[in-house]
Amino acid sequence: MIRPARVADVPALREIERAAGEPFREIGLDVVADEEPPPAAVLAAYVVAGRAWVDERSAGGRSAGAGLVGYLIADLVDGCAHVEQVSVLPSQRGRRIGEGLVEHLARWARDRGLPALTLTTYRDVPWNGPHWVRLGFRELIAPGPGLRAIREHEAARGLDVWPRLAMRRELAGS
Numbered sequence: 521m522i523r524p525a526r527v528a529d530v531p532a533l534r535e536i537e538r539a540a541g542e543p544f545r546e547i548g549l550d551v552v553a554d555e556e557p558p559p560a561a562v563l564a565a566y567v568v569a570g571r572a573w574v575d576e577r578s579a580g581g582r583s584a585g586a587g588l589v590g591y592l593i594a595d596l597v598d599g600c601a602h603v604e605q606v607s608v609l610p611s612q613r614g615r616r617i618g619e620g621l622v623e624h625l626a627r628w629a630r631d632r633g634l635p636a637l638t639l640t641t642y643r644d645v646p647w648n649g650p651h652w653v654r655l656g657f658r659e660l661i662a663p664g665p666g667l668r669a670i671r672e673h674e675a676a677r678g679l680d681v682w683p684r685l686a687m688r689r690e691l692a693g694s
């Protein structure tokens with residue numbers, strides 16, 4: 521079930537992010553695996569702004585966040601809904617959890633009259649660039665100023681050890 525994230529979910533979001541980074545180590549992208557998740561205050565700000573969602577599976581009365589398997593946070597960039605981060609527990613891969621979160625964001629964006637979704641990603645990592653193409657995203661050759669600034673920030677953080685790109689998916693009915 522996808523629902524808006526709560527401030528109480530923030531510690532679990534950070535743990536999901538850590539776990540989701542580990543598969544990058546297997547392909548030599550330790551820079552991604554070693555990167556700390558966003559600080560709790562940053563994630564809480566997304567929650568308060570109404571731009572954070574989680575996929576929660578039956579927790580069976582466990583503690584807050586125990587049933588969370590994925591999350592998505594979004595920004596508004598260049599007039600579009602921007603996938604700032606979508607992360608899913610590696611144990612849940614193949615269940616289309618990330619895709620469900622992205623489709624939830626697409627509905628949210630359409631409801632606000634936004635024309636498209638954008639994101640930045642690794643071009644050649646199988647669960648990144650090729651995955652996004654399957655979900656209808658296309659490479660942006662000339663990204664707007666907001667996406668250019670995001671790409672510059674990513675490069676400054678050392679994430680350009682493998683080719684990265686900005687992508688966009690048009691939203692029909694916006």
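Residues in the sequence shown are numbered consecutively from 521, following the working numbering.
In this text, a Cβ means the ideal position worked out from N, Cα and C, and glycines have one as well.
- According to DSSP, residue pairing for R688 in a beta bridge involves T638, R658.
- G666 places its beta carbon less than 9 Å from that of H602.
- Looking at the DSSP output, Q605 bridges to I593.
- Residue ranges of uninterrupted alpha helix (DSSP H) with 4 or more members, entirely inside the stretch 525 to 567 and ordered along the chain, are 530 to 545, 550 to 554.
- Per DSSP, V574 is one residue of the beta strand (DSSP E) stretching across 572 to 576.
- Distance between E674 and R577, taken at the CA atoms: about 32 Å.
- Here Y566 is actually not in contact with A560; their C-beta atoms are around 11 Å apart, not less than 8 Å.
- By the CB criterion at 9 Å, L685 and T640 fall inside the cutoff.
- A Cβ-Cβ distance of about 6 Å is found for the pair G649 and Y642, placing them in contact under the 8 Å criterion.
- Three or more Cβ pairs drawn from the stretch 591 to 602 and the stretch 653 to 668 lie within less than 8 Å of each other, which places the two stretches in contact.
- The straight-line gap separating the alpha-carbon atoms of V606 and G590 is approximately 7 Å.
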